[in-house]
Structure formats: C-alpha cells, structure tokens
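Worksheet: one structure, shown below.
In the working numbering, the protein residues as written are 1357 to 1685.
Quick look at the structure:
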C-alpha cells in the first residue's frame, strides 16, 4: 500500500512513522512529504531510507492513504488535493475538526461515524482525546452535565522547538517558542487568546468534546497550562453527571474501556504520571473520587503521551479502521 506522511520530518510525523511500523501497517511504498527545506533529506522506515519529496510529487504517485501532521494552513491547502485523487486523509491539525461534513474520530469511541465517502477525517486535539476516552462510557451510562478540566501540558505539545527551549533553559540558555521562560515555570497560555479571555486550545476541548460524544448540551470549562515536562499531558477533570452513580461502577466502566488503564492505589503512591506514561499508547486514570461539593460529582486525574495517543497513535488507529473496512484499496 502506498502511504504518504505529510510532515514526516516533524516530531509527530516521526512518531507516526514509528507507530505505523510498530503496528505493522501494510506500507509497501512510503511517500514522506515535508516543506521545501527538507526535500531530498532521508527518513528511516522499515529498515531503509526514504527520500523526502514535495506534496506535488506525492499526489502524482496517487497514494491510497495520507496522514497529515503539518499544521492547519498546509492541511487546508493540501488535504482536498489528496482527497480529490481518491486518497483517504487523516489530518492531525485543527483545521477540519469542527467542519460538520468531516468526522472527528477517536476510534474506541465513535469509529461508527465513518463512511466510505469520508476522504478527509480529523484527528482530535491531544488534550481532548485523553479526556474523552475514559469519559465516553461514563457519559453513556450516567449522562455528563458539566466538565471542568485543568490541563498540565508537556512542552512536546509545542513541537521540537518547545523541547529545545526547555533544554536550552536548563543548560543556561534561552529559546523563543514560548512567550516566557518555561523551565521552573508554568504558563497558563496554550495557543492564542480569544476576545473572551479563553485560548483556542481551551475552546478546542469544549467544542471537540461535544462533537466526539455527540452531545451539544455538555457544558465544558477548560483551563490549559504548559508545564516544564517532556513526554505527556496530565489533566485534572471534574465531572457532574445527570444521574446518580456508583463509584465501583465508574471504575468498572473505565477499566473496561479499550485504551484506558486504571492506576489508582493512593495508599501505595500509585497514580498516573507523565514519566510513567511516556511512550505508551494508553490513557492512565487515577485519583478517582467522589466530589462532595456537588450532586453526582466526580473527580479524576488522567495522563497520556500526547505525541502517541494524543496524535500519532490515534491517527494510525483511524487508518487501521479504514483498512479493516476494506476501503484502502
């Protein structure tokens, strides 16, 4: 199968190649695509080197599948061109997510929304994916009325330049990716601010949660924060259900959800942490406890590797669904 990876030289693009290989996705010919400054460079995949090419060259070779991680402006321009040749596009940018004609998919939750005609498919925001995965079975059982979430997001969410700034500051230097120092600091600022004081990242969590869970009545309030951590995002999530719930049932539902791992034994200091979630595909959930301040309230803490399940792995899982349905031919 001929597969294009658009943004193949970036942090997420490189992880996409790794996950494709780990999951033994049937790639017979790789078309690594990147910007002009990377043309002619080599990327490693399946034990050999592949030459980075332009999008025009890739389209001319008519891939069956294209996985994008190259930013919204690139996706806006190129995704329709790939789709026009019959290629299925799985896009990791925010550009297509809220388009009503484009499915926004976390395969464990809503793969059923996909149709053969969907040649552009959106991969959700990393923070949204790790929150909705454990919440989806709870919403089906008890009905979620309101979510209040605070995130603690790794510098990897800002790409290679985010990592470089943190490492440079720790070595006594500086960087330009963030508006302030990130080492020994916390920035309540991810993406740009909107007129109402929220950031675009916060509103992604609001709108994408409703679309994925297929319920526009869910109230969501998000505060997204960058922390000096590499390797995973963490979230403190407060949920108010419409129906009374049993705590044991909550645990059981989340434990039975594919891709969710419960780590919740405070007496033995067992709870999810970025350092233990790094390079894993699951969402880890702990600190599960009733919120006595509100009726039907629940608190939990979840952690996931934002580059894997939050981006690359989820995109490849979508591609696997397309493969299983027999549409990639």
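Note that beta-carbon positions come from the ideal geometry of N, C-alpha and C, so glycine has one too.
With three or more beta-carbon pairs closer than 8 Å as the criterion, would you say the segment 1564 to 1579 touches the segment 1488 to 1495?
Short answer: they touch.
Measure the alpha-carbon distance for residue 1540 versus residue 1629 and round it to whole angstroms.
When rounded, the distance between both Cα atoms is 18 Å.
Between the segment 1395 to 1402 and the segment 1415 to 1432, do three or more beta carbon pairs fall short of 8 Å?
Segments in contact, no.
Backbone CA spacing between residue 1573 and residue 1488 [nearest angstrom]
If you draw a straight line from the Cα of residue 1573 to the Cα of residue 1488, it is about 15 Å long.
DSSP state of residue 1608, grouped into three classes?
Of the three classes helix, strand and coil, the one that applies to residue 1608 here is helix, per DSSP.
Can you tell me which of the three DSSP states residue 1652 falls into?
Coil, per DSSP.
My output table needs one value for residue 1423: the three-state DSSP class, helix, strand or coil.
The three-state reading of DSSP puts residue 1423 in strand, counting E and B together.
Enclosing beta strand (DSSP E) for residue 1408 [first to last residue]
Per DSSP, residue 1408 lies in no beta strand (DSSP E) and is assigned neither H nor E.
Report all residues from its chain with a CB closer than 7 Å to the CB of residue 1560; omit the five preceding and five following residues, and keep chain order.
These residues qualify, in order along the chain: 1450, 1481, 1484.
Nearest-angstrom Cα distance between residue 1507 and residue 1368?
Spanning the two alpha carbons is a distance of roughly 20 Å.
Which residues in the same chain as residue 1459 place their Cβ atom closer than 6 Å to its Cβ, once the five residues preceding and following it in sequence are excluded?
Scanning its chain for C-beta atoms nearer than 6 Å, with the 5 sequence neighbours on each side dropped, one finds around residue 1459 the residues 1469, 1470, 1474, 1477, in chain order.
Nearest-angstrom Cα distance between residue 1431 and residue 1447?
So the alpha carbons of these two residues sit roughly 7 Å apart.
With 16 other CB atoms within 10 Å as the buried threshold, where does residue 1665 fall?
Label assigned to residue 1665: buried.
Please report how far the alpha carbon of residue 1496 lies from the alpha carbon of residue 1578, in whole angstroms.
Using only the alpha carbons, I get a separation of about 22 Å.
Could you compute how far the alpha carbon of residue 1527 sits from the alpha carbon of residue 1607?
Answer to the nearest angstrom: the Cα atoms are 43 Å apart.
Would you grab the beta carbon distance between residue 1581 and residue 1543 for me? Rounded to a whole angstrom, and I think it's under 8 Å.
The pair is a contact, with the Cβ atoms about 7 Å apart (cut-off 8 Å).
CB-CB length for residue 1362 against residue 1389, believed under 8 Å
4 Å between Cβ atoms; contact.
Report the residue from 1682, 1564, 1671, 1622 whose alpha carbon sits nearest the alpha carbon of residue 1455.
Ranking the options by Cα distance to residue 1455, first place goes to 1564.
Contained beta strand (DSSP E) runs [length at least 3] in the segment 1557 to 1627, N- to C-terminal order
The qualifying runs are 1575 to 1579, 1589 to 1597, 1616 to 1618.
So, residue 1656 versus residue 1644, is the Cβ gap smaller than 8 Å?
Taking 8 Å as the Cβ cut-off, residue 1656 and residue 1644 qualify as a contacting pair.
Coarse secondary structure for residue 1373, derived from DSSP in three states:
Shown here, residue 1373 sits in a helix according to DSSP, grouped into three states.
Sheet register partners of residue 1534 (DSSP bridge)
Its beta-bridge partners do not exist; DSSP assigns none.
Using 8 Å as the Cβ pair cut-off and three pairs as the minimum, do the segment 1508 to 1518 and the segment 1585 to 1599 touch?
These segments touch.
The beta strand (DSSP E) with residue 1388 in it runs from where to where?
Note, residue 1388: beta strand (DSSP E), 1385 to 1389.
Using the Cα positions of residue 1408 and residue 1428, report the straight-line distance between them to the nearest angstrom.
Residue 1428 has its alpha-carbon roughly 20 Å from the corresponding atom of residue 1408.
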